[in-house]
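>
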Amino acid sequence: MYTSKHVHTETTMIQTDVLIIGTGIAGATAALRLAENTNLRIALITRADPHDSNTYWAQGGIIHRGPDDNAEIFMEDILAAGAGASNPRAAQILAEEGPALLENILIEISKIEFDKNQNGELNYGNEAAHQRRRIIHVGDGTGAAISKGLIKALKSKPNIQWFTDATAVDLITYPHHSRDPLDTYKPITCHGAYVFDRKGRAVHRTLAAVTILATGGLGRIYRNTTNPPGARGDGLAMAHRAGASIINAEYVQFHPTALAVPGSEGFLISEAVRGEGGVLLTPDGHPFMQDYSPEWKDLAPRDVVSRAIHHIMETRGYTHVLLDIASHKSVEEIQKRFPNIYATCLKFGVDISREPIPVVPAAHYFCGGVQVDEVGRTSIKNLYAVGEVSCTGLHGANRLASTSLLEGLVWGHRAARDIEAKLAVSQPRIPTRDEIPAWDESGLDADPDPALIQGDMQTIQNIMWHYVGLVRSGDRLSRAIRELRHLQNEIETFYRVTKLSDGLIGLRNAVETALIIAQASRHNRQSRGCHYRVDSVKGEGDRLL
Ligand code: SIN
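Numbering (the working numbering), first residue to last: 1082 to 1626.
1. Closer than 7 angstroms: is that where the CB of G1347 sits relative to any heavy atom of ligand 1?
2. Express the C-alpha separation of A1482 and N1329 in angstroms, rounding to a whole number.
3. Any heavy atom of ligand 1 closer than 7 angstroms to the CB of H1392?
4. For a test of your reading of the model: does the CB of A1176 fall under 7 angstroms from any non-hydrogen atom of ligand 3? Yes or no.
5. What are the boundary residues of the beta strand (DSSP E) that includes V1441?
6. So which of S1259, Q1508, Y1576, Q1334 has the shortest CA-CA distance to S1485?
7. Do Y1446 and E1469 count as a contact pair if the criterion is CB distance below 8 angstroms?
8. What number of angstroms, rounded off, separates the C-alpha of R1122 from the C-alpha of R1397?
9. Check whether the segment 1266–1278 and the segment 1316–1325 are in contact - that is, three or more C-beta pairs closer than 8 angstroms.
10. Locate the alpha helix (DSSP H) running through W1492, then write down its first and last residues.
11. Who's in the neighbourhood of ligand 1, going by beta-carbon under 5 angstroms from any heavy atom, listed in chain order?
12. Note down the Cα distance separating M1370 from Y1275, rounded to an integer number of angstroms.
13. Check the C-beta distance from T1459 over to A1320 and give it rounded, since I have them as a contact under 8 angstroms.
14. Using the beta-carbon count (16 or more within 10 Å), is V1618 buried or exposed?
15. In the DSSP assignment, find the unbroken alpha helix (DSSP H) run with R1322 in it and report its ends.
16. Whole angstroms are fine: how far does the CA of D1133 sit from the CA of R1606?
17. For A1152, which residues of its own chain have a beta-carbon under 7 angstroms away from its beta-carbon, when the five flanking residues on both sides are left out?
18. DSSP on A1247, reduced to helix/strand/coil?
19. Can you tell me whether I1572 is helix, strand or coil according to DSSP?
20. Check F1335 in the structure and name its three-state DSSP category.
21. Based on Cα-Cα distance, which residue from I1095, R1495, V1552 lies nearest to F1277?
22. Of all the options L1558, M1538, G1147, which has the alpha carbon lying nearest to the alpha carbon of P1180?
23. May I ask you to verify whether the segment 1232–1239 touches the segment 1199–1206, counting CB pairs closer than 8 angstroms and requiring at least 3?
24. May I ask you to verify whether the segment 1286–1303 touches the segment 1348–1358, counting CB pairs closer than 8 angstroms and requiring at least 3?
25. Which same chain residues, not among the five before or five after Y1137, have their C-beta less than 6 angstroms away from its C-beta?
26. Leaving aside the five residues before and after Y1548 along the sequence, list all residues of the same chain whose C-beta is less than 6 angstroms from its C-beta, in chain order.
27. Considering only C-alpha positions, which residue in the set T1338, V1578, E1184 is nearest to G1356?
28. Let's see if you can read the secondary structure: which residues bound the alpha helix (DSSP H) around I1190?
29. Can you tell me whether DSSP reads T1084 as helix, strand or coil?
30. Could you check whether the segment 1490–1504 touches the segment 1449–1456, counting it as contact only if at least three pairs of C-beta atoms, one from each stretch, sit closer than 8 angstroms?
31. Using CA coordinates, which residue listed in C1611, I1541, T1574 is at the minimum distance from G1314?
32. Can you confirm whether the segment 1399–1407 touches the segment 1186–1200 when touching is taken to mean that 3 or more C-beta pairs between the two stretches lie within less than 8 angstroms?
33. Our contact map puts G1311 next to R1128 with C-beta atoms below 8 angstroms; I'd like the distance itself, whole angstroms only.
34. With a CB to CB cut of under 7 angstroms and the five nearest residues on each side skipped, what residues in its chain are close to A1505?
35. Under 8 angstroms by Cβ, that's how I've got G1610 and A1353 pegged, so tell me the actual separation to the nearest angstrom.
36. Return the residue from the list N1118, T1104, G1103, G1105 that minimises the CA-CA distance to I1500.
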């Protein structure tokens, strides 16, 4: 099952109480909460800069509680968007605890200034499938503001040790890395991770009483995506190799509106644009969403809007559709509410205050993940997962817009509280240095060939886009699995004979992640939410075109 190329020569080893892998809203919140206990030592690792996360790229906002809103209505919306597959208990936790935690962690502690109206009250926005205006924002750069606020608050904590440019390679788990054969009969237990220092080009054993996976999503395994470069399924693949339970992996959410201009690379056009009145049009100017969702029209759940766009593009041969906000808001309103989208589109030659925006769907969010409970515990002992890499069941088969930041916040907080309580009662034993095999690359001469890494990554992205995308079938999925298996063999061989690099680690994880999704998609023959199969077995949750 789990193998890694290690022998006993490497010397560096770090020991900590809690190792957190990832610095988006979920990992950062967990770190902030844990660091309040000054007796705890926390190691925070990130493969690039701490701001390099899906959180930073989030535009629309985060859910609070609107003036005419309550937890029950919010919960109703989560469950409706989730197409019958959302875990009601997770929805209840989010709806009941979310707003107070947002105020405490983001507004009071991290001092994030959300937009206010002329009366100094929070300005509530709307997005698809919400019955109430309840989304607070910082212009159209909410994620960036949250990320900066949290990282700044974390930097003042003396009990956090930072490791940037550090890519986790694999979790350290027993019995896989144990020298004691009798550990085979005990539950799988996590003791930290092998971490690749990208600058020093060495792998360190980072040992911890508890490890939290907060590595984010996987959009980059698709050709078109709104996600940043690190979103390649690293945490999911590591957890899978270690034997963690993974659920709902067929539910990959596509955002309906990524900018479709050459060179703009999946730049997100926030759903808030439709929330503020934007209307989808065919390239010849006809609104079409009422034909697909007479009740919600342009604010239908994301899976419905993405499939409608895909359908109209495919049947009419369009390369994109249009999103018109210019006819519905003044130039000043557009520039004030969407400064980042306005400026970026202008850079690509589209003035959104005067003309419609060319858009296409793109892979956006992974609704499945490493199975966790109400406090983020995975099926592996001493391993927690929070944020997009985890699956609380909240999103079911289709995530309600702007719930993900709040989920990261709530489960980051809950995991931290649970870990603190657990460590107060008894500290899991951290293995000694002699117990964990060190990593050694001696004998491996070759540096990885970037052309091979890039070529294989593009192959994965194309397979996923065409065969495991918005519209799936048994034949397409079987073909994807065959091709991905072949590629995985090639990549594994390459991995074993080549020195490590961040790109190689990511490629190995990407192909593993792609297979997890393709296999779950082939296994589930019923269309539901964002998993749509043309050869679907009919069922209650179907929300077809
Ligand atoms: C958006 O701004 O459209 C993205 C919000 C989300 O993914 O929840």
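The beta carbon of each residue, even a glycine, is placed where N, CA and C say it ideally should be.
All values derive from a computational prediction rather than experimental measurement.
Reading from the atomic positions:
1. Reading the sequence shown from its first residue, position 266 is the one you call residue 1347. No, the beta carbon of G1347 sits no closer than 7 angstroms to any heavy atom of ligand 1.
2. To locate residue 1329, count along the sequence shown from 1; it is residue 248. To locate residue 1482, count along the sequence shown from 1; it is residue 401. Annotation: N1329 to A1482 spans about 18 angstroms, alpha carbon to alpha carbon.
3. To locate residue 1392, count along the sequence shown from 1; it is residue 311. Incorrect: H1392 has no Cβ contact closer than 7 angstroms to ligand 1.
4. By its list of ligands, the structure shown excludes ligand 3, since it contains just ligand 1.
5. By 1-based counting over the sequence shown, the position of residue 1441 is 360. Where V1441 is concerned, the enclosing beta strand (DSSP E) starts and stops at 1438–1447.
6. The sequence position of residue 1485 within the sequence shown is 404, counting from 1. Answer by Cα proximity: Q1334.
7. Within the sequence shown, the letter at position 388 stands for residue 1469. Within the sequence shown, the letter at position 365 stands for residue 1446. Cβ atoms of E1469 and Y1446: closer than 8 angstroms.
8. The residue given as residue 1122 occupies position 41 in the sequence shown. The residue given as residue 1397 occupies position 316 in the sequence shown. So the alpha carbons of these two residues sit roughly 58 angstroms apart.
9. yes
10. Walking along the sequence shown from the start, residue 1492 turns up at place 411. Where W1492 is concerned, the enclosing alpha helix (DSSP H) stretches over 1485–1506.
11. Q1140, G1141, S1351, E1352, A1482, S1483
12. By one-based count along the sequence shown, residue 1370 stands at place 289. By one-based count along the sequence shown, residue 1275 stands at place 194. Distance between the alpha carbons of M1370 and Y1275 is about 49 angstroms.
13. Numbered from 1 along the sequence shown, position 378 holds the residue referred to as residue 1459. Numbered from 1 along the sequence shown, position 239 holds the residue referred to as residue 1320. With a Cβ gap of about 7 angstroms, T1459 and A1320 count as contacting.
14. For this step, residue 1618 is matched to residue 537 along the sequence shown. V1618 is exposed by the Cβ-count criterion.
15. In the sequence shown, residue 1322 corresponds to position 241, counting from 1. Residues 1315–1323.
16. The residue given as residue 1606 occupies position 525 in the sequence shown. The residue given as residue 1133 occupies position 52 in the sequence shown. Taking the straight line from one Cα to the other gives about 36 angstroms.
17. Position 71 of the sequence shown, counted from the start, is the residue given in the question as residue 1152. If we look at A1152 and ignore the five residues flanking it on each side, its Cβ neighbours are A1176, E1177.
18. Residue numbering aside, residue 1247 sits at position 166 when the sequence shown is read from its first letter. Strand, per DSSP.
19. Stepping through the sequence shown from its first residue, residue 1572 is reached at position 491. Per DSSP, reduced to three states, the secondary structure at I1572 is helical.
20. One-based indexing of the sequence shown puts residue 1335 at position 254. If DSSP states are grouped into helix, strand and coil, F1335 belongs with the strands.
21. In the sequence shown, the residue the question calls residue 1277 occupies position 196. Checked all of I1095, R1495, V1552; the closest Cα to F1277 is I1095.
22. By one-based count along the sequence shown, residue 1180 stands at place 99. The option with the nearest alpha carbon to P1180 is G1147.
23. no
24. Counting C-beta pairs closer than 8 angstroms gives fewer than three between the segment 1286–1303 and the segment 1348–1358, which falls short of the contact rule.
25. Counting from one through the sequence shown, the residue named residue 1137 turns up at place 56. So the qualifying residues of the chain are G1224, A1225, S1228.
26. The sequence position of residue 1548 within the sequence shown is 467, counting from 1. Hits under 6 angstroms: R1557, R1560, A1561.
27. In the sequence shown, residue 1356 corresponds to position 275, counting from 1. Taking only the C-alpha atoms, the option nearest G1356 is T1338.
28. Position 109 of the sequence shown, counting from 1, holds the residue named residue 1190. I1190 -> no alpha helix (DSSP H), and no H or E assigned at all.
29. Residue mapping note: residue 1084 aligns to position 3 of the sequence shown, counting from 1. Any answer about T1084 is weak, because its pLDDT of 32 lies below 50 and its placement is not dependable; what the coordinates show is given next. It is coil, neither helix nor strand.
30. Yes, since at least three Cβ pairs between the segment 1490–1504 and the segment 1449–1456 fall closer than 8 angstroms, the two stretches touch.
31. Here residue 1314 is taken as the residue at index 233 of the sequence shown, counted from 1. Among C1611, I1541, T1574, the Cα nearest to that of G1314 belongs to I1541.
32. Taking a cut-off of 8 angstroms on C-beta distances, the segment 1186–1200 does not touch the segment 1399–1407, as fewer than three cross pairs fall below it.
33. Sequence index remark: in the sequence shown, residue 1311 carries index 230 (1-based). Sequence index remark: in the sequence shown, residue 1128 carries index 47 (1-based). G1311 to R1128, Cβ: 6 angstroms. Contact.
34. Here residue 1505 refers to the residue found at position 424 when the sequence shown is read from its first residue. Here the set comprises nothing.
35. Sequence index remark: in the sequence shown, residue 1610 carries index 529 (1-based). Sequence index remark: in the sequence shown, residue 1353 carries index 272 (1-based). Rounded, the Cβ-Cβ distance is 21 angstroms, inconsistent with contact.
36. As a first step, residue 1500 is located in the sequence shown; it is residue number 419 there, counting from the start. Answer by Cα proximity: N1118.
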